[in-house]
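Heads up: the structure comes next, in structure tokens.
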Amino acid sequence: MDKLIVYMQYPFVRYALIVGILIALCSSLLGVTLVLKRFSFIGDGLSHVAFGAMAIAAVFQLTNKMMIILPVTILSAVLLLRTGQNAKIKGDAAIAMISVGALAFGYLIMNIFSTSSNLTGDVCSTLFGSTSILTLTSGEVWVCTILSIVVVLLFVLFYNRIFAVTFDEDFSRSAGTKADAYNLMIAIIIAVIIVLAMNLVGSLLISALVIFPALSSMRLFKSFKSVTICSAILSVVCAFAGIVISILAGTPVGSTIVAADVLVFAICHVLGKIRGV
Amino acid sequence: MAFITVTDLSLGYDTQVVACDLNFSVSKGDYLCIVGENGSGKTTLMKTLLHLKEPISGKIETGDGLKENEIGYLPQQTIVQKDFPASVREIVLSGCQGRCGMRPFYNREEKELAKENMERMGITHLAGCCYRELSGGQQQRVLLARALCATRKILLLDEPVAGLDPVVTAQMYELIEGLNKDGITIIMISHDISSAAKYASHILHIGNRLFFGTKEEYLNSDIGRIFIERWKGGEING
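Protein sequences appear in the order of chains H and V.
Position 255 (the first sequence) corresponds to 245 in our numbering; numbering is contiguous.
So our numbering is basically just the index in the second sequence, starting at one, shifted up by 242.
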């Protein structure tokens, strides 16, 4: 406990906690919708796209990598979610294709145009997030905070529509709701969250942040509202616990958070079974 | 002027025509059953009527004070809904989404409407229950209550009794008949020609041969008699 208080005096620890909790909150809000729409793997796919974009940005030695990463990821998200139902290549196959393709190209580009001596280390830290959350600048924290507030506001404002469109797209359309516009909005928001979350857990573990809280709370609750609220709380608690533990025990941040998420899922599953009997 | 007038309508996917030269109209208080073999385009017609799909050619006009988003739709269940965590109240309330316009939340009036329609369908006691844990008949009542929140005029039902047992099926038909007597126009896709013959006022038969007319005309027509014979013979799955 004393150790924690000492650590809290360092700004980078406080930044890590703020950003970690905000990202966990945002990703869990949309997680419920994505899991229900059978898009659990979109986090994985998009994070690989973001990885590929980051490789390109690194090759061109751009100072502001977001300039490339964000638009490319948003574009991929829109393509994946929009074509959804009617595409010739169905949702899961399309995600797998884009995901693996982007990962391969990203690594290829990094290899060919390598500027650093420790390539494997670079790739590993981009994929697994290693320590980047502990090296955040106050500017990045502000960007993250503002974007998170926008995401939460949009979610709350359009909560009813998001529910309706997720539950029954055809009915929503017949009632005059612009389902395509809402799908587009969901796609853009998820892309923004994934780009933000890359700093925290790295590309590979983003899926976990999106799906675990949603799946855990779906074991316990039965209405959309309670599932959403519960998954937000679980996600925030896991992120907080994960960061604190990783600081105290010196473990990697991303993996620790995901481990906490897995543990909570196991607990919720057991609780759900007990209540179900 | 009828609620819905369809002239020379062709429908299908991309350029593949499923059904063509459809002409029919639905007036206030009608009970129209759409019958036909599997794959004859019944569901496609329904989606085209709802403007979820563009027709290949022809016109669909709405009139008599009916607006395009004032149609209550009861779709067939999707796989997503089978494990969807949502309470009955949330689902019924989502039927009011067309009334909100740009307003993000439901107001008191809409919540009241949802409550009324739950009472009307006899599912008030289930309001807090989880949709996926209900029986098939209860789920259909929930979706019907939702459709009623979207309209006071016309309901489009896509095989409302699919997968229900005979007792629940009979209750469902009575429920729908009651709504029709209360002045709500019904358009229903059905496999079940005997119930169509019992409850409907008009029949639209689509397939290789087309027929549109009142139930009596249909039962006395060649196409109707052949279809009913084949149905009784078990060639068409009910």
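All C-beta atoms in this analysis are idealised placements derived from N, C-alpha and C, irrespective of residue type, glycine included.
| Query | Result |
| --- | --- |
| So, is V:TRP473 buried or exposed, given that buried needs 16 or more other C-beta atoms within 10 angstroms? | buried |
| Between H:LYS27 and H:TYR0, what straight-line distance do the alpha-carbon atoms span, to the nearest angstrom? | 41 Å |
| Return helix, strand or coil for H:TYR5, following the three-state DSSP convention. | helix |
| Which bits of chain V does H:LYS283 rub up against, with CB to CB less than 7 Å? | Residue 283 of chain H is absent from the model: chain H starts at -9 and stops at 267. |
| I'd like to know if V:SER252 contacts chain H, where contact means its C-beta is closer than 7 Å to some C-beta of that chain. | no |
| Report the three-state DSSP secondary structure of H:LEU195 (helix, strand or coil). | coil |
| By Cβ distance below 6 Å, which residues in the same chain neighbour V:ILE276 in space, the five residues on each side in sequence not counted? | LYS284, ILE431, LEU446 |
| For H:PHE157, does the count of other Cβ atoms within 10 angstroms reach 16, so buried, or fall short, so exposed? | buried |
| Tell me, to the nearest whole angstrom, how far the beta carbon of H:ALA6 is from that of H:LEU126; I am working on the premise that it is less than 8 Å. | 7 Å |
| Please confirm whether H:THR218 has its beta-carbon closer than 7 Å to some beta-carbon of chain V. | no |
| Counting contacts by CB-CB distance shorter than 7 Å, is V:GLN339 in contact with chain H? | yes |
| Nearest chain H C-beta to V:ASN280 closer than 7 Å, yes or no? | no |
| Where V:LEU355 and H:PHE161 are concerned, what is the direct C-alpha to C-alpha distance, given to the nearest angstrom? | 18 Å |
| If the cut is a Cβ gap below 7 Å, which residues of chain A does V:ALA392 touch? | In the displayed structure, chain A is absent; the protein chains listed are H and V. |
| Just to confirm before moving on: does the CB-CB distance between V:THR290 and V:ASN265 stay below 7 Å? | no |
| In or out: V:TYR373 buried (at least 16 other Cβ within 10 Å) or exposed? | buried |
| Tell me whether the beta-carbon of V:THR393 lies closer than 7 Å to the beta-carbon of V:ILE313. | yes |
| If we count the other Cβ atoms within 10 Å of its Cβ and call it buried at 16 or more, is V:TYR255 buried or exposed? | exposed |
| Can you find at least 3 beta carbon pairs, one from the stretch 9 to 22 of chain H and one from the stretch 175 to 195 of chain H, that sit closer than 8 Å? | yes |
| Can you tell which of H:VAL62, H:VAL252, H:LEU205 has the C-alpha that lies nearest to the C-alpha of H:SER221? | H:LEU205 |
| Which of helix, strand or coil does DSSP assign to V:GLY370? | coil |
| Which same chain residues, not among the five before or five after V:ILE468, have their C-beta less than 8 Å away from its C-beta? | none |
| For H:LEU70, decide whether its Cβ has a neighbour in chain V, counting only Cβ atoms nearer than 7 Å. | no |
| Could you check whether the Cβ of V:PRO297 sits closer than 7 Å to any Cβ belonging to chain H? | no |
| Cutting at 7 Å between CB atoms, please list the residues of its own chain near H:SER236, excluding the five before and the five after it. | PRO242, VAL243, THR246 |
| The alpha helix (DSSP H) that contains V:GLU358, what's its start and end? | 350 to 362 |
| Could you pull out every residue in the same chain whose Cβ sits closer than 6 Å to the Cβ of H:CYS258, ignoring the five residues on either side in sequence? | SER206, ARG209, LEU210 |
| Under 8 Å Cβ-Cβ, which residues of chain H neighbour V:GLN323? | PHE157, ASP158 |
| Quickly, what does DSSP pair V:GLN258 with across the bridge? List them, please. | V:TYR255 |
| State buried or exposed for V:GLU401, treating a residue as buried only when at least 16 other CB atoms are found within 10 Å of its CB. | buried |
| Report yes or no: is there a C-beta of chain V within less than 7 Å of the C-beta of H:LEU7? | no |
| Cβ of H:ALA84 less than 7 Å from any chain V Cβ? | no |
| Since V:VAL348 meets chain H, which of its residues come closer than 9 Å, beta carbon to beta carbon? | The sequence given here has Tyr at residue 348 of chain V, not Val. Going along chain H in sequence order, the residues near V:TYR348 (Cβ under 9 Å) are ASN150. |
| CA-CA distance, V:VAL330 and H:GLU130? | 43 Å |
| Figure out for me which residue from V:GLY343, V:GLY281, V:GLN381 has the closest Cα to the Cα of V:ASP325. | V:GLN381 |
| Could you confirm whether any beta carbon from chain V is found closer than 7 Å to the beta carbon of H:PHE255? | no |
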